[in-house]
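With the numbering used here as the guide, the letters of the sequence shown map in order to residues 5 to 111.
Where is the CB? At the ideal position from N, CA and C, for every residue including glycine.
This one's a predicted model, so the numbers in the text were calculated from it and none came from an experiment.
Read the structure below first, then the notes.
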Amino acid sequence: MLFDLEPKSKREDLFGRDNEVNAIVNFIRSKSRFLAIYGIRRVGKTSVLRVALNEASIPYCYIDARMLENDFTKRRLYQLISNYLTELSIKWRLEKPLGISQGQFGA
Numbered sequence: 005m006l007f008d009l010e011p012k013s014k015r016e017d018l019f020g021r022d023n024e025v026n027a028i029v030n031f032i033r034s035k036s037r038f039l040a041i042y043g044i045r046r047v048g049k050t051s052v053l054r055v056a057l058n059e060a061s062i063p064y065c066y067i068d069a070r071m072l073e074n075d076f077t078k079r080r081l082y083q084l085i086s087n088y089l090t091e092l093s094i095k096w097r098l099e100k101p102l103g104i105s106q107g108q109f110g111a
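Quick look at the structure:
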């Protein structure tokens, strides 16, 4: 849906962002270590990132930092990471046998 306020996950839902998506996919596949995406609010940063991550076909963990606004502690961050890794592990074990193992996070 083109005019939905929710971030997009599929390229066909984006308009005019092919260059950005391709650049991010190439960056991810080059195994570079740091990527910063910045800009003013509501211009599609999250959508471009989500589409690129989906197209890169790699396991990833996306954490929305707004979930930590009112409760920013190491324990809360580790809890979010652990929850996402559990979901990721289940998803990839069902879709692709990658042998992902999950350890415990301490605070």
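Item checked: For Arg46, the nearest candidate out of Lys12, Met71, Arg79 and Asn30 (CA to CA) -> For the options Lys12, Met71, Arg79 and Asn30, the alpha carbon positioned closest to that of Arg46 is the one of Lys12.
Item checked: Member of Lys14, Ser86 and Leu92 whose CA lies at the smallest distance from the CA of Ala1 -> This structure cannot speak to residue 1, because the chain is shown only from 5 to 111.
Note to self: On a Cα-Cα basis, can you pick out the residue from Ile44, Ala27 and Tyr42 that is closest to Ser36?
What the structure shows: Out of Ile44, Ala27 and Tyr42, Ala27 has the C-alpha closest to the C-alpha of Ser36.
Next item on the list: Whole angstroms is fine: what's the gap from Tyr42's alpha carbon to Ser93's?
Entry: When rounded, the distance between both Cα atoms is 29 angstroms.
Note to self: Using only the alpha-carbon positions, how far apart do Phe19 and Glu59 sit?
What the structure shows: The straight-line gap from Cα to Cα measures roughly 16 angstroms.
Notebook entry, point to check: Going by beta carbon distance, what residues of the same chain come within less than 6 angstroms of Ile32, once the five residues before and after it are set aside?
Noted result: Taking Ile32 as the centre and dropping the five residues before and after it, the same chain places the C-beta of Ala60 closer than 6 angstroms to its C-beta, in chain order.
Item checked: DSSP-derived helix/strand/coil call for Ile94 -> Three-state result, Ile94: helix.
Next item on the list: Return the chain-ordered list of same chain residues with a C-beta closer than 7 angstroms to the C-beta of Leu53, the five sequence neighbours on each side being excluded.
Entry: Only Ile28 and Ile41 meet the Cβ criterion.
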